[in-house]
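Going line by line, the protein sequences match chains A and B. Numbered by the UniProt record's numbering, the letters in the first sequence go through residues 1 to 340 in order. Numbered by the UniProt record's numbering, the letters in the second sequence go through residues 1 to 71 in order. Every residue gets a Cβ at the ideal spot worked out from N, C-alpha and C, and that includes glycine.
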Amino acid sequence: MGEMEELRKEAENLKDQITEARKVVQDATLPEVAAGTAVVGRVQLKTRKTLRGHLAKIYAMHWGADTKLCVSASQDGKLIVWDTLTTNKVNAIPLKSSWVMTCAYAPSGNLVACGGLDNMCSIYNLKGKDGNVKVMRELAAHTGYLSCCRFLSDSEIITSSGDCTCVLWDIETGTQKTIFAGHMGDCMSLAVSPDFKTFISGACDFTAKLWDIREATCRQTFSGHESDINAIGFFPNGNAVITGSDDATCKLYDLRADQELITYQDSSIMCGVTSLAPSLSGRLLLAGYDDFNVNIWDTLKGERVGVLAGHDNRVSCIGVSSDGMACCTGSWDSFLKIWN
Amino acid sequence: MSNNNASSNLVVAQRAVKQLRLEASLRRIKVSTAAADLKNFCLQNAQKDPLLMGVPSSDNPFRPPKSCTLF
């Protein structure tokens, strides 16, 4: 009892120390530093392609590294690999469980993964010998839904779950290599750093955490959001993290200054952020919202510079291809749209 | 029963303090430096950012150039 009280006090002291240490380095704000930079001007993107074929809500999409193919997951129980240039379906993979919440494309292009309310991450081999796409592995150990997954390579994948943990898996053996525990709420989203050494997770405890993959430790925790974090991504140089939340805002946290630098918000926006993706240079932030729109933000100045209106229901997922050439949005209206 | 709860609460609290000690020991850089680096990255890569600069239809793989045929 005495020890609990001591630990509680020490925790409070440490939290105060962290707050103080962050204040000490707060000698400027991002908008101040960017004040002399030219404004972006209105960004108007047009729908170039509409990918039709899913029969129910689309929950997730992920671009392949080749910048032409992408994979999408829908609660119609299908994973579809699309050629975004021709709008042809390269693969239509029927899933054992239709309650899918996430999908991912391996950097090699050989594998895709998905998972959801089945609590599992299923890995599919697109390049099987006989041409059929089959389940290669079923990664089962999470005790909650699979909210997100991202491949490190053909042999390793990281998953986030409603059981409040993230896990690094060995795909070959189907076993958990590392369990990243620390969040106090469902983990909703994850993103891997450009150098593949760290990853970030956003959770229903309103925080984002930076994890060292090989050391298996949590290096930093970022607070400030007033509700669940649904979406998370790295700024392209790997030095900052962008989060999107049910509190209707997105925030940019710098990893080296260990604090929030700016909030992307507008009093007219009152619905949750579902998804986000930065443009190639990081200057634009594209974020999907519950109100069926995508808002485009100037990341340095914090101003809204564009809107993508084209879906008839919630935008559930968004991604920018690795060459920055196009943005893909997926919606509960069952369509994916390619914009640039 | 209550002993188990008490000892597991203790373990959770000890872990939380250990994690906070780790996070408190971080070396932080000045916001002005961090912000300047982000700004510079944006500016240095702006010309290569198709969504920012716009894509001429001739270079847009998602938009085949319109051709005009005269009979």
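Cutoff 6 Å; reference residue i; Cβ partners in own chain excluding five residues on either side
{"i": "L280 (chain A)", "result": "G324"}
{"i": "S97 (chain A)", "result": "D118"}
{"i": "A141 (chain A)", "result": "Q176"}
{"i": "K127 (chain A)", "result": "N110"}
Residues near residue i in its chain [Cβ-Cβ closer than 7 Å; skip 5 each side]
{"i": "D170 (chain A)", "result": "S155, E156, K177"}
{"i": "G233 (chain A)", "result": "A191, I242, L276, A277, P278"}
{"i": "W99 (chain A)", "result": "Q75, G116, L117, D118"}
{"i": "A92 (chain A)", "result": "K78, I80"}
{"i": "F196 (chain A)", "result": "L152"}
{"i": "H62 (chain A)", "result": "C70, V71, C103, A104, Y105, G319"}
{"i": "D247 (chain A)", "result": "H225, E226, S227"}
{"i": "A34 (chain A)", "result": "L300, K301"}
{"i": "P94 (chain A)", "result": "G77, K78"}
Local Cβ density within 10 Å of residue i, reported as buried at 16 or more and exposed below that
{"i": "A6 (chain B)", "result": "exposed"}
{"i": "E23 (chain B)", "result": "buried"}
{"i": "I58 (chain A)", "result": "buried"}
{"i": "S58 (chain B)", "result": "exposed"}
{"i": "G131 (chain A)", "result": "exposed"}
{"i": "M270 (chain A)", "result": "exposed"}
Given residue i as reference, the closest of the options once Cα atoms are compared
{"i": "K89 (chain A)", "options": "A:K96, A:L79, A:S98, A:L95", "result": "A:L79"}
{"i": "K48 (chain B)", "options": "A:L336, A:G174, A:T87, A:P236", "result": "A:P236"}
{"i": "G306 (chain A)", "options": "A:V43, A:E226, A:E12, A:T29", "result": "A:V43"}
{"i": "K129 (chain A)", "options": "A:A141, A:N110, A:D212, A:G116", "result": "A:N110"}
{"i": "L210 (chain A)", "options": "A:G224, A:E226, A:S193, A:H225", "result": "A:S193"}
{"i": "K18 (chain B)", "options": "A:R219, A:K46, A:D246", "result": "A:R219"}
{"i": "A38 (chain A)", "options": "A:E303, A:L168, A:I200", "result": "A:E303"}
{"i": "M120 (chain A)", "options": "A:A106, A:P107, A:S108, A:C149", "result": "A:C149"}
{"i": "H54 (chain A)", "options": "A:R48, A:A65, A:Q17, A:A73", "result": "A:A73"}
Residue i vs residue j beta-carbon contact at 7 Å
{"i": "G144 (chain A)", "j": "S161 (chain A)", "result": "yes"}
{"i": "D291 (chain A)", "j": "G272 (chain A)", "result": "no"}
{"i": "F151 (chain A)", "j": "A216 (chain A)", "result": "no"}
{"i": "S189 (chain A)", "j": "G174 (chain A)", "result": "no"}
{"i": "F335 (chain A)", "j": "T159 (chain A)", "result": "no"}
{"i": "I338 (chain A)", "j": "F62 (chain B)", "result": "yes"}
{"i": "L252 (chain A)", "j": "I262 (chain A)", "result": "yes"}
{"i": "L30 (chain A)", "j": "A36 (chain B)", "result": "no"}
{"i": "S322 (chain A)", "j": "A65 (chain A)", "result": "yes"}
{"i": "N293 (chain A)", "j": "A287 (chain A)", "result": "no"}
{"i": "A257 (chain A)", "j": "S32 (chain B)", "result": "no"}
{"i": "V25 (chain A)", "j": "K30 (chain B)", "result": "yes"}
Same chain, Cβ closer than 8 Å to residue i, five either side skipped, listed in chain order
{"i": "R283 (chain A)", "result": "V40, D298, T299, L300"}
Next item on the list: Decide yes or no for the touch test of the stretch 8 to 21 of chain A against the stretch 19 to 39 of chain B: beta carbon pairs closer than 8 Å, at least 3 of them.
Entry: A contact exists between the stretch 8 to 21 of chain A and the stretch 19 to 39 of chain B.
Notebook entry, point to check: Does the stretch 303 to 312 of chain A come close enough to the stretch 326 to 336 of chain A to have 3 or more Cβ pairs within less than 8 Å?
Noted result: The stretch 303 to 312 of chain A vs the stretch 326 to 336 of chain A: in contact.
Check: Is the number of C-beta pairs between the stretch 124 to 136 of chain A and the stretch 174 to 190 of chain A that are closer than 8 Å three or more?
Finding: With fewer than three CB-CB distances shorter than 8 Å, the stretch 124 to 136 of chain A does not count as touching the stretch 174 to 190 of chain A.
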